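A quick write-up on the structure given underneath.
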Amino acid sequence: MKIVKTIEEVRRQVKEWRAEGLTVGLVPTMGYLHEGHASLIEASHRDNDRTVVSDFVNPMQFGPTEDLETYPRDLDRDAALAEEHGCDLIFNPEPDEMYRDGFSSFVDMTVLTEELCGLSRPVHFRGVCTVVTKLFNIVKPDRAYFGKKDAQQLAVIKHMVEDLNMDLEIIGCPIVREADGLAKSSRNTYLSAEERQQALVLSKAIKLGAELVRDGERDCGRIIKSMTEKINSCSAAKIDYVKIVDEKTMQQISTIDRPALCAIAVYIGKTRLIDNFFTSDL
Ligand code: AMP
Numbered sequence: 196m197k198i199v200k201t202i203e204e205v206r207r208q209v210k211e212w213r214a215e216g217l218t219v220g221l222v223p224t225m226g227y228l229h230e231g232h233a234s235l236i237e238a239s240h241r242d243n244d245r246t247v248v249s250d251f252v253n254p255m256q257f258g259p260t261e262d263l264e265t266y267p268r269d270l271d272r273d274a275a276l277a278e279e280h281g282c283d284l285i286f287n288p289e290p291d292e293m294y295r296d297g298f299s300s301f302v303d304m305t306v307l308t309e310e311l312c313g314l315s316r317p318v319h320f321r322g323v324c325t326v327v328t329k330l331f332n333i334v335k336p337d338r339a340y341f342g343k344k345d346a347q348q349l350a351v352i353k354h355m356v357e358d359l360n361m362d363l364e365i366i367g368c369p370i371v372r373e374a375d376g377l378a379k380s381s382r383n384t385y386l387s388a389e390e391r392q393q394a395l396v397l398s399k400a401i402k403l404g405a406e407l408v409r410d411g412e413r414d415c416g417r418i419i420k421s422m423t424e425k426i427n428s429c430s431a432a433k434i435d436y437v438k439i440v441d442e443k444t445m446q447q448i449s450t451i452d453r454p455a456l457c458a459i460a461v462y463i464g465k466t467r468l469i470d471n472f473f474t475s476d477l
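Quick note, our numbering runs 195 ahead of the 1-based positions in the sequence shown.
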């Protein structure tokens, strides 16, 4: 496995692979890899001849008061994990390789990004769409892999690919959880031992919501109320949102009469965590 820092090196390698008739999968990440990322790398390794993992903490998708400076980074550890799961090339650019002086072009989206995380993170999806478009243009993959953990991001990327006729397939992969249910996240490292326990309220609320839907409940108001009560039973938890939206448009619905996403964002202390379930996965 190679680690490269420049766009030119990625292009050169991918061109070589293409000349040999090989297919290429891309797994975009911000590094500090865990088993969630590993599952995407494995899926890409299974479906493609070669797998590229981008490892880049993208400044453009962080708001001014967010955790860009403190976001955990460890390239050596990432390289070991990525290689073990089938990565062939890590692309680890510096910010000025991705955003040269005078950078002034953006990929933006309306509607889907104006709900859920887009409300509390107004610049986030413009940063995501822009960096992911750049990565697609640099790597030109046949397939790209995204986790359902970031469900709105997955919907946004799928929509962008369709809207802008990008020539690749987007694959959504299941959420990987800790043994006790907490969804794996690089940001879990911010949690103190006590907060780590309290953070379980997210997956408990998701489990409760999923059970209600599985048992036939279709009224979103009642599902949201039960989940909200569950989360509020934990004194350390502060709800950002508990919502049910159409799986494709990300617009709120009142009855589950189509494939839907139930998504939550909750602060545990200063750390903002997200979790969700898709009704189509139940
Ligand atoms: P990040 O490095 O947090 O930007 O995540 C990179 C990719 O890994 C995104 O597509 C995430 O949705 C995915 N991912 C992160 N955590 C998980 C998880 N627990 N299970 C599955 N995919 C995940």
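Ideal Cβ placement from N, Cα and C applies to all residues, glycine included.
Predicted model only: the values in this text are computed from it and were never measured.
- Taking the Cβ of His232 as the reference point, at least one heavy atom of the ligand AMP falls within a distance shorter than 7 Å.
- Along the stretch 232 to 278, the beta strand (DSSP E) occurs as fully enclosed runs of 3 or more residues at 245 to 250, listed in sequence order.
- Our two residues, Met422 and Leu403, have alpha carbons roughly 7 Å apart in a direct line.
- Inter-residue distance for His354 and Glu424 is about 33 Å (C-alpha atoms, whole angstroms).
- For Met225, the distance from the CB to the nearest heavy atom of the ligand AMP is below 7 Å.
- Across the set Gln446, Asp476, Ser475, the C-alpha of Gln446 shows the shortest separation from the C-alpha of Val306.
- Under the 10 Å beta carbon count, Ala233 is surrounded by 16 or more other beta carbons and is classified as buried.
- Taken atom to atom, the span from the alpha-carbon of Glu292 to that of Thr328 is near 15 Å.
- Cβ contact annotation for Leu395 (same chain, cutoff 8 Å, sequence separation greater than five): Asp375, Gly376, Leu377, in chain order.
- Along the stretch 368 to 434, the alpha helix (DSSP H) occurs as fully enclosed runs of 4 or more residues at 388 to 393, 395 to 409, 415 to 427, listed in sequence order.
- Burial is judged here by how many other beta carbons sit within 10 angstroms of a residue's own beta carbon; Ser249 has at least 16 and is buried.
- The beta carbon of Arg453 sits closer than 7 Å to those of Asp441, all from its chain and outside the five residues before and after it, given in chain order.
- The distance from the Cβ of Gln393 to that of Ala431 is about 4 Å, consistent with a contact at the 8 Å cut-off.
- In the three-state reduction of the DSSP assignment, Leu228 falls in the coil class, being assigned neither a helical nor a strand state.
- Relative to the ligand AMP, the beta carbon of Ser398 is positioned no closer than 7 Å to any heavy atom.
- Closest in alpha carbon position to Asp362, among Pro223, Val334, His319, Lys210, is Val334.
- Spanning the alpha carbons of Gly464 and Leu386 requires a straight line of approximately 8 Å.
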